[in-house]
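When we follow the working numbering, the leftmost residue of the sequence shown carries the number 916, and every step to the right adds one.
The structure appears below as structure tokens.
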Amino acid sequence: GFVTRLRELYPTRSPLCLITNTSWTKPMNIQTRVRKLLVEWQETLGLQDWVVHLRLYQRLSLDDQYCNWRFSEKVARIGLNVNARLMEEIEHDLVHELCHLILAPSNRVFDNLNENKVSKKERVTFGSEFNLAQNVAIENIVRVVYKLKEKEYPPHRA
């Protein structure tokens, strides 16, 4: 059927996870694998005190993956694209999003410092620059953590 044909087209891409109409087909149970990685990486990064909710998407741009949080409650929601991607890519993106939680206190300080000092338009501009700088820092953190764990950094990210 359809899943078999996709496996023929993408033999090196595993696990394959698809949405057919509104129901999930999980040939390799991607939800379980990603949740297991979440627990492992929360422990590695010292984020066990956070409650992290995962949302796995089939149609989400890689640029639109996210981590939203409430720092005071240590609750976060992470959204990842899992559509026909290598597990190593999904794991990298999960680690990247978790690293946002490490830097969550700096976001709070940044917001507090700028809230009353700049206009709304300037806040958006500064916020974008801050997010870009933070993502660069996070990629450096991810690279170091991967090295320490002796994991191969995904080649598309190098």
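Even for Gly, the Cβ is constructed at its ideal location relative to N, Cα and C.
Limits of the beta strand (DSSP E) - the one that residue i falls within
i           : result
residue 956 : No beta strand (DSSP E) contains residue 956, which is instead part of the alpha helix (DSSP H) from 945–959.
residue 971 : 966–972
residue 995 : 990–996
Close-in-space but distant-in-sequence residues of the same chain around residue i (CB under 6 Å, 5 per side omitted)
i            : result
residue 1008 : 980, 995
residue 1015 : 982
residue 1056 : 1014
Euclidean distance between Cα positions of residue i and residue j
i            : j            : result
residue 966  : residue 985  : 10 Å
residue 1003 : residue 1066 : 10 Å
residue 950  : residue 956  : 10 Å
residue 1059 : residue 991  : 23 Å
residue 1062 : residue 1011 : 14 Å
residue 962  : residue 1005 : 19 Å
residue 1043 : residue 1049 : 10 Å
residue 1018 : residue 960  : 12 Å
residue 1064 : residue 1053 : 16 Å
residue 937  : residue 1045 : Legend: pLDDT at residue 937 = 37, less than 50; position of this residue unreliable, value from coordinates given subsequently. Near 38 Å, if we compare the C-alpha coordinates of residue 1045 and residue 937.
Residue closest to residue i, alpha-carbon to alpha-carbon, out of the options
i            : options            : result
residue 971  : 1056, 963, 982     : 982
residue 988  : 999, 959, 1020     : 1020
residue 1013 : 948, 946, 953, 975 : 953
Own chain partners of residue i with C-beta closer than 7 Å, once the 5 adjacent residues on each side are dropped
i           : result
residue 977 : 996
Run of the alpha helix (DSSP H) containing residue i, from where it starts to where it stops
i            : result
residue 1067 : Premise fails: residue 1067 is in no alpha helix (DSSP H) and is neither H nor E.
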